Structure formats: C-alpha cells, structure tokens
Amino acid sequence: MTLSAVQTNDMALYHYDSCPFCAKTRHAIHELDLSIELRNIQKNHQHRIELQQGGNKTQVPCLRIEQANGKAHWLYESDDIINFLRSRK
Ligand SMILES: N[C@@H](CCC(=O)N[C@@H](CS)C(=O)NCC(=O)O)C(=O)O
C-alpha cells in the first residue's frame with residue numbers, strides 16, 4: 709500500500725493467506741490503491757467469530773461494510789467484492 713492509498717475506514721476484508729479467492733481480492737484492492745483493513749481469520753480467532761456471527765458463514769473473502777446507519781453489510785463472493793470496490797472508486 710502506498711501513502712496515497714484511498715482510506716476506506718468503513719470496510720474490512722476477512723480473509724486468509726492460502727485462499728486463492730482472497731489473493732485475487734487483495735490484488736484488486738492493491739490495484740485500486742485502496743487501504744482496507746485485512747482481518748485474517750486463521751491468525752485471529754476473534755475475527756473468525758465476528759465473521760461467523762455477523763455474516764452467518766465463515767467463507768472468505770468477505771467484505772464487511774459499515775453503513776451510514778451503523779449496521780454492517782457482509783458481502784461475500786470475490787467477484788462481487790471486486791465489482792463493488794471498483795464502483796466505489
Ligand atoms: N465463489 C467464492 C469462493 C470462496 C471460497 O471457496 N472460499 C473458501 C476458501 S478458498 C472458503 O472460505 N471455504 C470455507 C467455507 O466456505 O467456509 C468466491 O469467489 O469468493
């Protein structure tokens with residue numbers, strides 16, 4: 709991530725290293741020059757619990773989007789996440 713990266717405080721990506729769909733999504737985040745917090749569910753058990761309880765499944769990647777009303781939207785599917793991020797740019 710470069711210093712010029714666009715800050716996206718309202719989002720976090722749940723992922724883990726060996727997942728190819730996560731790698732594709734992280735690559736897109738890098739290409740779009742976005743700064744999104746990465747939450748590794750294999751390295752941090754609390755992140756896994758958040759994903760399970762918030763999104764109702766532990767599939768990764770999943771983008772947690774904090775909405776204006778304070779509620780979280782849990783977006784699954786790498787293609788849908790990437791298309792959403794492209795539309796936000
Ligand atoms: N079609 C999904 C596939 C995601 C997927 O298969 N993720 C795997 C890891 S590579 C996973 O989370 N498996 C465990 C689970 O579904 O709970 C995408 O493109 O994001």
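Residue numbers (the numbering used here): 709 to 797.
C-beta atoms are modelled at their ideal positions from N, C-alpha and C, and glycine is treated no differently.
Computed from a predicted structure; not experimentally measured.
Inset, instruction - Would you tell me roughly how many angstroms separate the C-alpha atoms of residue 783 and residue 772, rounded to the nearest one? - result: 6 Å
Legend entry - Helix, strand or coil at residue 743 [DSSP, three-state]: strand
Legend entry - Element boundaries [beta strand (DSSP E), containing residue 773]: 770-774
Legend entry - Proximal residues to residue 709 (C-beta, below 6 Å), its chain only, five neighbours per side dropped: Since pLDDT at residue 709 reaches only 36, below the 50 mark, its modelled position is unreliable, and the value read off the structure follows with that caveat. 743, listed in sequence order.
Legend entry - Within 7 Å, strictly: CB atoms of residue 720 and residue 747: yes
Inset, instruction - Please classify residue 758: is it buried, with 16 or more other beta-carbons within 10 angstroms of its beta-carbon, or exposed? - result: buried
Inset, instruction - Collect the residues with a C-beta less than 5 Å away from any heavy atom of ligand 1 and give them in sequence order along the chain. - result: Result: 727, 729, 766, 767, 768, 785, 786.
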